[in-house]
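Position one of the sequence shown corresponds to residue 37 (the working numbering), numbered consecutively onward.
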Amino acid sequence: MQVTKDIKETVCIPYYKPIYREIEVFEHAYSQKLPILLKGPTGTGKSRFVEFMANKLDKNLNTISCHEETSSTDLIGRYIIKGAETVWLDGPLTLAVKTGAILYLDEVAEARPDVIVAIHSLTDHRRELFIDKLGITIKAHPDFMLVASFNPGYQKGFKELKPSTRQRFVAISFEYPTEKTEVEILTNETSILTADAKKLVQIATKIRNLTELGLTETVSTRLLVDAAKLIVSGLPKRLATHVAIVEPLSDEIEITTALKDLCDLMI
Ligand code: ADP
């Protein structure tokens, strides 16, 4: 039995390397039934962290990747036609509220404003959800938790979250890890050699410091993991850095040429 359990755990627990004291903060927020906002650029481990925490707390996780068309109906539910009948279908938010799951609204600021309105009463002491189409209010299951992520709008092209919304959450900042931690993430996520992982991380650090390029987003850990995977699968290292690190960052030919030269020099 023990063997089966060990195998199950090895297969299921997502790998997550803590950057700060986020595990501790999450556990306390969960016990106090406080919603959490994860702030930070794309690819810094926010989604992986939520998966890890759901697993650690042994809770189901419902993830919604918000985009500009995401509405409260998508979250709460809708009537659907089934044969000759019209039946109500709970959305992922309602299901999580009823069953006590963790609901993760990834990139919440991208969603339509009615989504923010819908979650308001769940983010304060009331912890209840109003379903206007059914005319009912439901109390959240004691285990329900709301987690949202948000990419702060310090650069062009990102939507902001209103202070009145932000102040309903306990917030944790996600940044790029230290070089040592990032090397560890790459060697854990892929079987890349430590020496190659170090070079990828050095490239990332260099590009992250080139603020004068005015990139909307800079090199994320996700891009480095992708480059490492391509290298492990046998793609020449330079080509791997070009396609996994440089090309996703910019479409401007002068910038991509300069960054490719930099990668060629460093790997
Ligand atoms: P985000 O949700 O912030 O956009 P993700 O959680 O999807 O980012 O992270 C992208 C990838 O980067 C993950 O799939 C994982 O491979 C890697 N990663 C980033 N940070 C970490 C971390 N702290 N521990 C483990 N893997 C990480």
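C-beta: ideal position from N, C-alpha, C; glycine also.
- For the stretch 195-238, the full-length alpha helix (DSSP H) segments reaching 4 residues or more read 199-202 and 215-225 along the chain.
- Under the rule that a run must span 4 or more residues, no alpha helix (DSSP H) segment is found entirely inside the stretch 235-262.
- Scanning the stretch 64-140 for uninterrupted alpha helix (DSSP H) segments of 4 residues or longer gives 82-92, 108-112 and 128-135, listed from N- to C-terminal end.
- F210 and G76 have their C-alpha atoms roughly 5 Å apart.
- In the DSSP annotation of this structure, the continuous segment of the alpha helix (DSSP H) that includes E290 starts and ends at I289 to M302.
- Here I55 really is in contact with T217; their C-beta atoms are around 7 Å apart, less than 8 Å.
- For Y51 and T226, the gap between their C-alpha atoms comes out near 11 Å.
- Of the candidates I138, S101, D168 and Q203, the residue whose Cα lies closest to the Cα of R114 is D168.
- Following the DSSP letters along the chain, one finds K175 in no alpha helix (DSSP H) but inside the beta strand (DSSP E) bounded by residues I172 to K175.
- Per DSSP, reduced to three states, the secondary structure at I55 is coil, with no helix or strand assignment.
- Contact between E146 and E104 holds: CB atoms are separated by about 6 Å, below the 8 Å threshold.
- Here S108 has D150, V151 and A154 as same chain residues with Cβ atoms under 6 Å from its own Cβ, once five neighbours each way along the sequence are excluded.
- Around the beta-carbon of V86, 16 or more other beta-carbon atoms lie within 10 Å, marking it buried.
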